[in-house]
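Colleague: Handing you this structure, nothing more for now.
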């Protein structure tokens, strides 16, 4: 079963909030966002994905042990709840911050309910209409058990058939190097063919990729969280999602 695996509690707060409560939080561990993003203990794939921290608007990250939030008075709990909600926190269950302590005491049915409410919708693609690619079809509409697996990993699995890669958090440089080692080269064609790789770029930054199955469909995964399943989807759907991006085509050399 998928699980948030919360070790410590992270609260993403503004500079204004910190100044308003500086005496209460004087003895707490508080990192600037810049330092948090470099911190190997806290800026993990699990924390990044649970909080979707790339979407949050904040200046500081309060790091607290399990139970700290619950030990505060109700007035401060409410103020901190309003602060993290305003800043875009995803770890909220109705009127409650999902802390490690709160999550640990939820029953399995409630955990499953919360996770599933955050899940991306499944694809309606009829994969029986697609010939071959059985090794990809078996993952169609399947959610990862953990955070991390992203579009780069999905695409490299499609190329290499190495299932270990499918569950990894793959970064851009590794992705491009692996493409090259498998004799994939960028082509100037504006048409796709089976086993091509389509790379979407924004300001020369690689933001997404998918593996072409035929003229209509591709193997795809949106994002790096366990809320996004691996899917076989219509190519037009991917292009619509990334309509504001440029794209390049990579093709295996003969």
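In my numbering, the protein residues as written are 10 to 263. Note that beta-carbon positions come from the ideal geometry of N, C-alpha and C, so glycine has one too.
1) Considering only residues of the stretch 30 to 63, which uninterrupted beta strand (DSSP E) runs meet the minimum length of 3 residues and lie entirely inside it, listed in chain order?
2) Report the rounded CA-to-CA distance for residue 257 versus residue 53, giving the unit in angstroms.
3) Do the CB positions of residue 99 and residue 69 come within less than 9 Å of each other?
4) If contacts are defined as beta-carbon pairs under 8 Å, then residue 226 and residue 139 qualify, I think. What distance do you get, rounded to the angstrom?
5) Using alpha carbons as the reference points, say which of 168, 90 and 158 lies closest to residue 261.
6) Identify, in the order they occur along the chain, each residue of the same chain with its Cβ nearer than 6 Å to the Cβ of residue 26, setting aside the five sequence neighbours on each side.
7) Determine which residues share a DSSP beta bridge with residue 196 and list them.
8) Whole alpha helix (DSSP H) runs in the stretch 91 to 130 with 4 or more residues, listed along the chain?
9) So the candidates are 164, 178 and 170; which of them puts its Cα closest to the Cα of residue 154?
10) Taking the alpha-carbon of residue 103 as reference, which of 77, 259 and 90 has the nearest alpha-carbon?
11) Locate the alpha helix (DSSP H) running through residue 169, then write down its first and last residues.
12) Within 10 angstroms of the Cβ of residue 233, are there 16 or more other Cβ atoms? Answer buried if so, exposed if not.
13) Which same chain residues, not among the five before or five after residue 174, have their C-beta less than 6 Å away from its C-beta?
14) Tell me, please, whether the stretch 107 to 115 touches the stretch 127 to 146 by the rule of three or more beta-carbon pairs shorter than 8 Å.
15) Return the first residue and the last residue of the beta strand (DSSP E) that residue 210 is part of.
16) Spatial neighbours of residue 29 within its chain, please: C-beta separation below 6 Å, excluding the five flanking residues on both sides.
17) Given a cut-off of 9 Å, decide if residue 255 and residue 184 are closer than it, judged by their beta-carbon atoms.
18) Note the first and the last residue of the continuous alpha helix (DSSP H) segment covering residue 174.
19) Quick check on this structure: which residue in 14, 59 and 38 has the alpha carbon closest to the alpha carbon of residue 237?
20) Taking a contact to mean a Cβ-Cβ separation below 9 Å, would you say residue 145 touches residue 73 in this structure?
21) Relative to the C-alpha of residue 245, which residue among 123, 23, 259 and 207 is closest?
Modeller: Based on what the coordinates show:
1) 38 to 41
2) Counting from 1 along the chain shown, the entry for residue 257 is found at position 248. Counting from 1 along the chain shown, the entry for residue 53 is found at position 44. Taking the straight line joining both Cα atoms gives about 30 Å.
3) Taking the first residue of the chain shown as 1, we reach residue 99 at position 90. Taking the first residue of the chain shown as 1, we reach residue 69 at position 60. With a cutoff of 9 Å on beta-carbon distance, residue 99 and residue 69 are scored as not near each other.
4) Numbered from 1 along the chain shown, position 217 holds the residue referred to as residue 226. Numbered from 1 along the chain shown, position 130 holds the residue referred to as residue 139. About 6 Å separates the two Cβ atoms, so the contact holds.
5) On the chain shown, residue 261 is found 252 positions in, with the first residue counted as 1. Residue 261 has its Cα closest to that of 168, out of 168, 90 and 158.
6) Residue numbering aside, residue 26 sits at position 17 when the chain shown is read from its first letter. Excluding positions up to five away in sequence, the list reads 92.
7) Mapped onto the chain shown, residue 196 falls at position 187. DSSP, once it has assigned bridges, lists 258 as partnering residue 196.
8) 109 to 113 and 117 to 126
9) Residue mapping note: residue 154 aligns to position 145 of the chain shown, counting from 1. Here the closest residue by C-alpha is 178.
10) Here residue 103 refers to the residue found at position 94 when the chain shown is read from its first residue. Ranked by Cα distance from residue 103, the options 77, 259 and 90 are led by 90.
11) Start at 1 with the first residue of the chain shown, and residue 169 comes out as number 160. Unbroken alpha helix (DSSP H) run through residue 169: 160 to 169.
12) As a first step, residue 233 is located in the chain shown; it is residue number 224 there, counting from the start. So residue 233 counts as buried.
13) If you number the chain shown from 1, residue 174 lands on position 165. Here the set comprises 162, 165 and 166.
14) With the cut-off at 8 Å, the stretch 107 to 115 and the stretch 127 to 146 do not touch.
15) As a first step, residue 210 is located in the chain shown; it is residue number 201 there, counting from the start. Element bounds for residue 210: 206 to 211.
16) Your numbering for residue 29 matches position 20 in the chain shown. Same-chain partners within the cutoff: there are none.
17) Along the chain shown, one-based indexing puts residue 184 at 175. Along the chain shown, one-based indexing puts residue 255 at 246. No; because the gap between Cβ atoms is not below 9 Å, this pair is not in contact.
18) Working through the chain shown from its first residue, we reach residue 174 at position 165. From DSSP, the alpha helix (DSSP H) with residue 174 extends over 172 to 175.
19) Translated into positions along the chain shown, residue 237 becomes position 228. The residue with the shortest Cα to Cα distance from residue 237 is 59.
20) Reading the chain shown from its first residue, position 136 is the one you call residue 145. Reading the chain shown from its first residue, position 64 is the one you call residue 73. The beta carbons of residue 145 and residue 73 sit no closer together than 9 Å.
21) As a position in the chain shown, residue 245 is number 236, starting the count at 1. For residue 245, the nearest C-alpha among the options comes from 207.
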